[in-house]
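So the sequence lines, in the order shown, correspond to chains A and B.
Position 61 of the first sequence, counted from 1, bears residue number 61 in the working numbering, the numbering being contiguous throughout.
Position 391 of the second sequence, counted from 1, bears residue number 828 in the working numbering, the numbering being contiguous throughout.
Where a beta carbon is used, it is the ideal one built from N, C-alpha and C, also for glycine.
Written out below as structure tokens is the structure these notes cover.
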Amino acid sequence: MIRRRTLLWGAALSAIGSVRGAHAAAPSRRRPRDLPFDWDGPRVAIVGGKVLVGDGTVVEGGTVELRGARIVRVGTGAPQAGADLVVDASGKVVTPGFIAAQSQVGLVEIEAERSTRDLGRDDEHPIRAAYDVAPAVHAGSSLVPVTAVEGVTTTVTVPRGGVIAGQGAVLDMVAWDHRGIVGRPRVVMVGSLGRAYAGSRAATLALVRRTLEDARFYLANRRAYDRRALRDLAAAPADLAALGPVLAGRMPLALSAHRASDILAAIELGRAFGLRVVVVGGAQAWQVADALAEAKVPVVLQPSHNLPGSIDHLGATMENAARLHAAGVEIGIAVLDEGHNVRNVTQEAGIAVAAGLPYDAAIRAMSGGLARIYGIDDAWGTLAEGKVANVAVWPDDPLELSSWPEAVFVHGRALPMESRQTRLRDRYLSRLRPGER
Amino acid sequence: MPRPLAFVGSHLVLAAALSACSKPGRTTTPPETRATPTPSPPTQTRPAPGPKVAFVGARVMTAAGVTYDRGVVLVERDRIVAVGSDVAIPPGTKVVDVAGKVITPGLIDTHSHIGVYPAPHFDAHQDGNEVVDPITPYARAEDAFWPQDPQIDRAREGGVTTMQILPGSANLIGGVSVVVRTVPGARSIHDVRFPGAPYGLKMACGENPKRVYGDKSGPDTRMGNIAGFRRAFQQAVEYRAAWERYEDELEAYERKEADGELEEDERPPEPPTRDFGLETLAKVLDGEILVHNHCYRADEMSIMLELAEEFGFHIRSFHHAVEAYKIADRLAAAETAASVWADWWGFKAEAFDSIRENAAMLEMVGARAIIHSDSPLGIQRLNQEAAKAMYAGRRAGIEVSEDRALRWITANPAWALGIDHEVGTLEPGKLADLVVWDASPFSVYAHVEQVYLGGELVYDRNRDENPHTDFETGLRPFELAPEGIAPKAGDGARPASTREATK
């Protein structure tokens with residue numbers, strides 16, 4: 001099955017020809033890992049728009065061609081693959097579907113209603129590394145269309161709780177696609193520094209270190225463990241084993257941390273264990289920007305967060321993103337600890353630009369740059385040949401408050417530009433002014 | 438710069454002089470007459486002519502139905518004296534060139550907990566909910582307002598000049614709100630009270646009170662919520678009647694005394710026991726204190742309108758009102774405003790039916806829409822929230838002009854707070870609360886460049902130093918660090934606010 005699809009894909013490519021105009025984005029060299037999407041499907045050509053590729057490049061009057069769930073060409077000129085649907089994007093802006101990082105979309109319907117919430121394991125043990133959000137995701141959630149119609153087609157949905165909460169998944173916002181909504185499970189391990197454990201940041205750090213050491217030890221001595229010949233370990237074997245990809249540097253470890261000392265500790269953890277650490281939140285990150293840049297540790301942050309909500313947040317500023325970027329730190333922009341309003345990530349990006357972040361960097365921080373942070377740039381993040389066909393067409397600047405997408409494609413499918421919210425609106429519009437609608 | 442950054446100044450005197458008479462519980466007898474909802478303006482007589490400043494060349498958005506593409510705002514002392522495109526500038530007037538900028542009225546938030554839920558979130562500072570009883574009309578936000586909350590500075594930097602500080606929503610009747618101005622350098626509530634503004638009563642429907650009290654004394658259900666309101670207002674009706682009876686008796690006694698007709702053993706009538714909570718509710722019945730009702734659902738808002746009518750009071754504004762669009766016609770008929778968010782939703786069941794077009798649909802049928810924050814982050818960008826709501830409405834085919842949308846964060850909240858004769862629009866006679874923007878306030882890229890509070894410059898984006906509270910004094914990053922500790926300038930990592938300190 002998989003092989004047949006691959007062959008078809010190859011055939012399609014050779015038939016189309018891979019045209020790379022002078023302005024075309026360099027496609028990812030990495031072959032995407034297998035994804036549960038259709039390779040075949042309608043051909044869509046989005047022509048004439050200003051294409052923000054998501055890696056900083058711009059193609060004026062660009063052509064984006066989709067086939068099934070994949071992008072088959074980004075370049076200029078007439079569609080080369082033939083098209084079942086041509087979208088005239090002249091005068092408009094075409095972007096990759098933006099990515100909402102560190103989100104809870106798919107895990108929660110109504111935050112305060114326990115029965116609608118599946119945000120993570122709530123047992124006593126602070127190390128829950130084996131927890132995987134993918135099976136908890138609900139494709140029929142009202143949040144999925146609400147998010148998608150605003151141009152946010154993809155989320156990195158992560159669990160909450162404990163010190164190591166578990167593993168997040170990539171979701172594509174296809175409502176009711178029970179099989180296809182999880183684009184890729186287990187892409188990131190998430191956790192928290194600060195006073196997450198035993199009321200002490202020092203205790204928290206010690207626990208994280210011990211857990212990583214024990215995970216390494218356990219993975220090297222599984223048989224001894226099975227013979228009950230090992231000392232007590234910091235966590236259950238499944239949780240330690242789940243840290244294998246983190247220790248191997250394949251899976252990023254995203255750690256919430258705000259105080260500069262915790263951020264430095266996160267950097268040091270990464271160095272000591274060879275991890276790909278990502279700092280999340282990072283209120284004081286700008287204060288240690290040089291250390292982050294040197295260690296190539298990215299920061300995923302929410303630009304509007306400028307309040308000293310705790311002593312750990314002293315000096316929080318809307319310029320955080322701009323300062324980190326200026327210092328050479330890779331940043332991601334997100335609406336943190338949210339499900340319902342991750343759609344406002346474009347507003348957050350605008351706020352960062354107003355506070356000094358270059359525009360291109362703000363776009364990257366929700367698309368290509370963000371995908372690199374999470375190691376999912378083989379398939380998501382930019383408009384490039386071979387990537388998942390998540391595309392938004394905007395009337396103009398996607399960061400501006402006046403701008404909503406006119407068309408959104410997820411897995412190459414044109415979404416109905418409706419949500420539960422627009423349906424409610426229309427019910428009452430017709431009630432309040434009968435006869436007009 | 439037209440005027441130096443000044444702290445407090447004349448506001449303090451005015452506020453102190455006027456606040457005492459409107460402070461509930463200060464008078465020795467309950468109100469005798471049904472007061473008008475809005476007290477008389479604090480300045481009845483014009484002060485002697487003072488220094489004049491003309492802001493010239495900006496796009497002037499008055500929020501009063503007119504926008505001047507290149508307008509003039511003429512200010513004398515703390516008041517606007519003229520607005521237009523052809524304003525004669527008297528000799529001696531200081532002229533401020535604001536060409537290319539945009540001027541709006543100072544922004545007004547009907548719903549904030551700044552000062553009662555300050556940052557940082559110290560346990561010791563959680564002063565917004567008196568969770569001892571579901572009915573606490575005697576509690577007053579002004580008694581808990583911490584003037585050193587750094588969130589006050591952030592709100593001012595976002596163009597907010599006036600905000601209503603409310604008790605929280607744990608209780609059915611949480612207490613009395615206070616309207617404050619974002620005066621820098623305040624030492625107590627006395628420096629920031631809005632002169633002459635009526636107080637508000639915070640009431641809360643729905644999930645919060647029944648969640649907080651469900652396993653205590655109740656209410657445990659929405660039935661209990663409404664029953665609790667009814668009981669409280671019935672007590673207020675009886676309390677007011679007892680005082681009216683007493684005053685009649687006292688009057689009769691005094692008449693007899695004056696006429697020398699007192700019996701030998703006749704004593705003056707005994708006054709009823711004063712109850713500060715019931716006194717507050719009696720003032721609500723008299724229209725002297727305005728009702729601000731946290732209420733999400735259309736059905737509950739409708740029930741509250743009925744309850745208010747039954748007891749003879751008026752709900753000035755529903756707050757949060759996520760489902761206001763479903764009863765926009767009823768709200769218009771009741772002349773009750775709805776203070777709403779642009780897009781918050783889903784955090785609880787009663788917030789599930791939120792739509793982006795809520796404010797625009799209220800506007801469409803002639804109800805009074807307000808964009809409020811209930812958030813120390815949201816209050817910093819009321820303009821952006823109004824923009825989202827305006828554009829959502831337009832996208833749905835509802836005509837919303839920029840002037841109308843601007844009213845959602847200026848004139849309409851001023852009305853809801855009973856201070857629309859003083860602030861909320863750029864019109865002669867009103868306080869010179871002005872925001873100078875470097876672009877349309879409906880753009881995400883717009884910056885607040887300057888904020889004027891009663892004609893005084895209280896924030897200037899282009900200064901190294903702007904006002905900050907005692908709390909942040911000495912706590913701002915690198916402020917007290919020795920040379921060489923702060924991030925290197927090349928990192929782009931030095932905050933404007935510490936430029937001086939690290940020199």
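Looking at the C-beta of residue i, does it have a partner C-beta in chain A at a distance below 9 angstroms?
i	result
B/GLU893	no
B/PHE784	yes
B/LEU511	no
B/ARG913	yes
B/GLU579	no
B/HIS756	no
B/HIS558	yes
B/VAL649	no
B/GLN563	no
B/ARG711	no
B/ARG818	yes
B/GLN821	yes
B/GLY798	Reading off the sequence, residue 798 of chain B comes out as Met, not Gly. Judged by the 9 angstroms Cβ criterion, B/MET798 is in contact with chain A.
B/PHE879	yes
B/GLY921	no
Pick helix, strand or coil for residue i, following the three-state DSSP scheme.
i	result
B/ILE726	coil
A/THR317	coil
A/TYR218	helix
B/PHE559	coil
A/PRO135	helix
B/ILE792	coil
A/ARG427	helix
For residue i, go through chain B and note every residue whose CB falls closer than 7 angstroms to its CB, in chain order.
i	result
A/ARG425	ILE792, GLU794, ALA833
A/VAL353	TYR882
Chain A partners of residue i, CB-CB under 7 angstroms?
i	result
B/ARG943	Summary: the structure shown does not reach residue 943 of chain B, with chain B confined to residues 438 through 940, and so no result is reported for it.
B/TYR762	TYR428
Kindly indicate if chain B contains any beta-carbon less than 9 angstroms away from that of residue i.
i	result
A/GLY91	no
A/ARG433	yes
A/VAL51	no
A/ASP226	no
A/GLN287	yes
A/THR422	yes
A/GLN102	no
Please return the same chain residues whose Cβ sits closer than 8 angstroms to the Cβ of residue i, not counting the five positions on each side in sequence.
i	result
A/GLY10	Reliability fails at A/GLY10, whose pLDDT of 32 lies under 50, so the model's placement of it is uncertain and no value is given.
A/HIS325	ILE331, LEU357, PRO358, ALA361
A/GLU109	THR116, ARG117, HIS138, SER141, SER142, LEU143
Residues of chain B with CB under 9 angstroms from residue i, in chain order?
i	result
A/TRP404	TYR828, ALA829, ARG832
A/ILE110	GLY783, PHE784, LYS785, ALA786, ALA788, PHE789
A/ASP172	Ordered by position in chain B, no residue passes the 9 angstroms Cβ test against A/ASP172, which lies about 20 angstroms from the chain.
Closer than 8 angstroms by beta-carbon distance: list the chain A residues that pair up with residue i, in chain order.
i	result
B/GLN588	LEU307
B/HIS550	Those within 8 angstroms of B/HIS550 in chain A number zero; the least Cβ separation is about 13 angstroms.
Who are the Cβ neighbours of residue i in its own chain at under 6 angstroms, not counting the five residues just before and after it?
i	result
B/GLY552	PHE582, TRP583, ASP586, ILE602
A/ALA234	ARG210, THR211, ASP214
B/THR530	LYS489, ALA491
Between which residues of its own chain and residue i is the CB-CB distance below 7 angstroms, once the five residues before and five after are set aside?
i	result
B/MET741	CYS642, ASN730, CYS732, ILE752
B/THR499	VAL520, THR862, LEU863, GLU864
B/PRO555	HIS562, TRP583, ASP586, GLN588
B/PRO527	LYS489
Any heavy atom of the ligand ATP closer than 8 angstroms to the Cβ of residue i?
i	result
B/GLU859	Absent from the structure shown: the ligand ATP. Ligands present: none.
List the residues of chain A that residue i touches, going by C-beta distances under 9 angstroms, in chain order.
i	result
B/ASP811	What B/ASP811 touches in chain A: nothing, since even the nearest Cβ is about 14 angstroms away.
B/MET801	LEU429, LEU432, ARG433
Using the beta-carbon of each residue, which ones in chain B are nearer than 8 angstroms to residue i?
i	result
A/GLU113	LYS785, ALA786
A/ASP262	Result: empty, since nearest Cβ-Cβ is about 15 angstroms, beyond 8 angstroms.
Does the beta carbon of residue i come closer than 9 angstroms to any beta carbon on chain D?
i	result
B/GLU909	Looking at the structure shown, chain D is missing, and the protein chains on hand are A and B.
The stretch 718-751 of chain B: positions lying closer than 7 angstroms to chain A by Cβ: none
Contact set between the stretch 375-400 of chain A and chain B, restricted to residues whose Cβ is under 7 angstroms from the partner: LEU399, GLU400
Proximal residues, the stretch 294-317 of chain A versus chain B, C-beta separation under 8 angstroms: SER304, HIS305, ASN306, LEU307, PRO308, GLY309, SER310, ILE311, HIS313, LEU314, GLY315, THR317
Proximal residues, the stretch 319-350 of chain A versus chain B, C-beta separation under 9 angstroms: GLU319, ALA322, ARG323, LEU324, HIS325, ALA326, ALA327, GLY328, GLY339, HIS340, ASN341, ARG343, ASN344, THR346, GLN347, ALA349, GLY350
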